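Visitor:
Residue numbers (the working numbering), protein chains in the order written: chain A, 377 to 494; chain B, 377 to 494; chain C, 377 to 494; chain D, 377 to 494.
1. Counting Cβ pairs closer than 8 angstroms, one from the region 447-460 of chain D and one from the region 396-412 of chain D, do we hit at least three?
2. Considering Cα atoms alone, identify which of 432/A, 385/A, 459/A and 475/A is closest to residue 431/B.
3. Identify every run of the alpha helix (DSSP H) within the region 409-474 of chain A, keeping only runs that are complete inside it and at least 4 residues long; order them along the chain.
4. Could you check which residue in 423/A, 419/A and 383/A has the C-alpha nearest to that of residue 444/A?
5. Could you compute how far the alpha carbon of residue 427/C sits from the alpha carbon of residue 422/A?
6. According to a CB-to-CB cut-off of less than 8 angstroms, which residues of the region 397-423 of chain A neighbour chain C?
7. Out of 489/C, 465/C and 482/C, state which residue places its alpha-carbon closest to the alpha-carbon of residue 381/C.
8. Would you decide whether residue 379/B is buried or exposed? Buried here means 16 or more other CB atoms lie within 10 Å of its CB.
9. What is the DSSP secondary structure of residue 486/A, reduced to helix, strand or coil?
10. Against residue 488/D, what residues of chain A qualify as contacts under a CB-to-CB distance less than 8 angstroms, listed in chain order?
11. Taking CB distances under 9 angstroms as the criterion, tell me whether residue 439/C reaches chain D.
12. May I have the straight-line CA-CA distance separating residue 468/C from residue 398/D, to the nearest angstrom?
13. Check for me: the alpha helix (DSSP H) holding residue 400/C runs from which residue to which?
14. So is residue 486/C buried or exposed if we call it buried at 16+ other beta carbons inside 10 Å?
15. Compare the beta carbon distance of residue 470/D and residue 394/C with 9 angstroms and say whether it is the shorter of the two.
16. Would you call residue 480/B buried or exposed, if buried means 16 or more other Cβ atoms sit within 10 Å of its Cβ?
17. Between the Cα of residue 449/C and the Cα atoms of 389/C, 402/C, 388/C and 408/C, which residue gives the shortest distance?
18. Do residue 404/A and residue 441/B have their beta-carbon atoms positioned less than 9 angstroms apart in this structure?
19. Does any residue of chain A bring its CB to less than 9 angstroms from the CB of residue 448/B?
20. In whole angstroms, give me the CA-to-CA distance for residue 385/C and residue 402/D.
21. Which residue from 436/D, 483/D, 484/D and 476/D puts its Cα closest to that of residue 502/C?
22. Is it buried or exposed for residue 406/D, if we count other Cβ within 10 angstroms and need 16 for buried?
23. Indicate the three-state DSSP secondary structure (helix, strand or coil) for residue 382/D in the structure shown.
24. Indicate whether at least one CB of chain B lies closer than 9 angstroms to the CB of residue 436/A.
Printed below as a string of structure tokens:
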């Protein structure tokens, strides 16, 4: 039997986690969006004084912190998508297609300016 | 043949997208963390003046905006995990286990205070 | 003698603080912008599970935390403005004038939609 | 007659602006904290792909954008402090004193690690 897709698996686990704790009452989309932004900032905090954040600038302790924060961001993201009825994989594939059209490789190669600056 | 896991699929797609545009030079972990925080804020913006953000408060236009922003957050998250060598699924499962131990259902049921406030 | 303006006073104090610690090398505008976003998230964290955050929802401990985070945000904001050569008071007055023109009171009264949704 | 202090002046102006538009109903501390985080992200966006954000990396258009975003951040900060009953100047001076004690110049000179890493 093939393994369940990661995003589906995490949706199931976060639902069970919230239900068991009766925390669904706090998990409005608005509150989850705030919680997501707080977790992202905890991730950003690890990088703020580093030159680039490349692997050789990160000691073991920092790598563990980053791993945990990346996980927290994903877990809140999965819950927010669940509450707003969004299929994350489908949405990401749709957005990749839009990005490919918006930033044609031949036109933007090596240039980081935003689309609206062209 | 079973479908590739979503997170692996998106990692492959984002790698190809960046390579084709020669954008890897801009994608330091630090810059990706900043970009992630910007996308999360664009998501937060949709909810900031709503009472809760529940589905019945969202019109079609807002739902589309939210779907695109959720996708952007996931895409930057996948790229940041890739650059820092983190397996997102494994990290999320590890964090869920830590959260279960940190917030025992019997103890925190219906209470949203942070762990460190207990 | 009249008291120095708050924003000028804080600019002087933050400059001295950074110089005494030889921290100016870390205080690029980019890093200060990241630090500012991290402090704002620490502020957001106090409000994320509250209904509205009105004063009667805040105990003494939370009020102290909020006061400290508001201060941190202001201190990084003052430093970032200093490094980018922006007069914060003049910029705020200029922006207020733009906002008055963009959101005429008669037209937007009681309506929180963003300008671009009109 | 001496000029009014900037922070007091901006508090008065933002109060009048909100009252004239009947927007106070939307300006809960929670919503203002979200709005503040969104404005900070718009500021961060200007710096995310730059090497350091120093003045010579900023063209006139970017400097104007940064000036407006710095202003927006200050204006929401003033409003949030107002709603939570915080005197921003006093809070910032209190926090500076705490920071001086927490990071003694002799001990931290030239080192950007966070206090809790010592």
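Quick reminder that beta carbons are idealized off the backbone N, C-alpha and C, glycines included.
The structure displayed is predicted, hence computed values, not measured ones.
Guide: The structure says:
1. As far as the Cβ criterion goes, the region 447-460 of chain D touches the region 396-412 of chain D, which means the pair count is three or higher.
2. Walking along the second chain from the start, residue 431/B turns up at place 55. Considering only alpha carbons, the answer is 459/A.
3. Along the length of the region 409-474 of chain A, whole alpha helix (DSSP H) runs at least 4 residues long occupy 436-459, reported in chain order.
4. The residue labelled residue 444/A in the question sits at position 68 within the first chain. Of 423/A, 419/A and 383/A, the residue nearest in Cα terms is 419/A.
5. The residue you call residue 427/C lines up with position 51 of the third chain. The residue you call residue 422/A lines up with position 46 of the first chain. Cα to Cα, residue 427/C sits roughly 30 angstroms from residue 422/A.
6. Those residues of the region 397-423 of chain A that come within reach of chain C (Cβ to Cβ, closer than 8 angstroms) are 402, 407, 410, 411, 413, 414, 416, 417, 418, 420, 421 and 423.
7. Position 5 of the third chain, counted from the first residue, corresponds to residue 381/C. Nearest C-alpha to residue 381/C: 465/C.
8. Here residue 379/B refers to the residue found at position 3 when the second chain is read from its first residue. It is exposed - the Cβ of residue 379/B has fewer than 16 other Cβ atoms within 10 Å.
9. As a first step, residue 486/A must be located in the first chain, where it is residue number 110. Coil.
10. Here residue 488/D refers to the residue found at position 112 when the fourth chain is read from its first residue. Near residue 488/D (Cβ distances below 8 angstroms), the residues of chain A are 425.
11. By one-based count along the third chain, residue 439/C stands at place 63. Yes, because at least one Cβ of chain D sits closer than 9 angstroms to the Cβ of residue 439/C.
12. Residue numbering aside, residue 468/C sits at position 92 when the third chain is read from its first letter. Residue numbering aside, residue 398/D sits at position 22 when the fourth chain is read from its first letter. Straight-line Cα distance between these residues: approximately 21 angstroms.
13. Position 24 of the third chain, counted from the first residue, corresponds to residue 400/C. Premise fails: residue 400/C is in no alpha helix (DSSP H) and is neither H nor E.
14. Here residue 486/C refers to the residue found at position 110 of the third chain. Looking at its Cβ environment, which holds fewer than 16 other Cβ atoms inside 10 Å, residue 486/C is exposed.
15. Your numbering for residue 470/D matches position 94 in the fourth chain. Your numbering for residue 394/C matches position 18 in the third chain. It is not a contact, given that the beta carbons lie outside the stated cut-off.
16. Position 104 of the second chain, counting from 1, holds the residue named residue 480/B. So residue 480/B ends up on the exposed side.
17. By 1-based counting over the third chain, the position of residue 449/C is 73. Among 389/C, 402/C, 388/C and 408/C, the Cα nearest to that of residue 449/C belongs to 408/C.
18. Within the second chain, residue 441/B is the residue found at index 65, counting from 1. Within the first chain, residue 404/A is the residue found at index 28, counting from 1. It is not a contact, given that the beta carbons lie outside the stated cut-off.
19. To locate residue 448/B, count along the second chain from 1; it is residue 72. Residue-level contact by beta carbon holds for residue 448/B and chain A, with a gap shorter than 9 angstroms.
20. Sequence index remark: in the third chain, residue 385/C carries index 9 (1-based). Sequence index remark: in the fourth chain, residue 402/D carries index 26 (1-based). Each residue's alpha carbon lies about 32 angstroms from the other.
21. Residue numbering for chain C in the displayed model covers 377 to 494; residue 502/C lies beyond these limits and cannot be assessed.
22. What you label residue 406/D is simply residue 30 of the fourth chain in a count that begins at 1. Classification of residue 406/D: buried, given that the 10 Å Cβ count is 16 or more.
23. As a position in the fourth chain, residue 382/D is number 6, starting the count at 1. The answer is helix: DSSP assigns residue 382/D an H, G or I state.
24. As a working note, residue 436/A is residue 60 in the first chain. Not closer than 9 angstroms to any Cβ of chain B, the Cβ of residue 436/A fails to qualify, so no.
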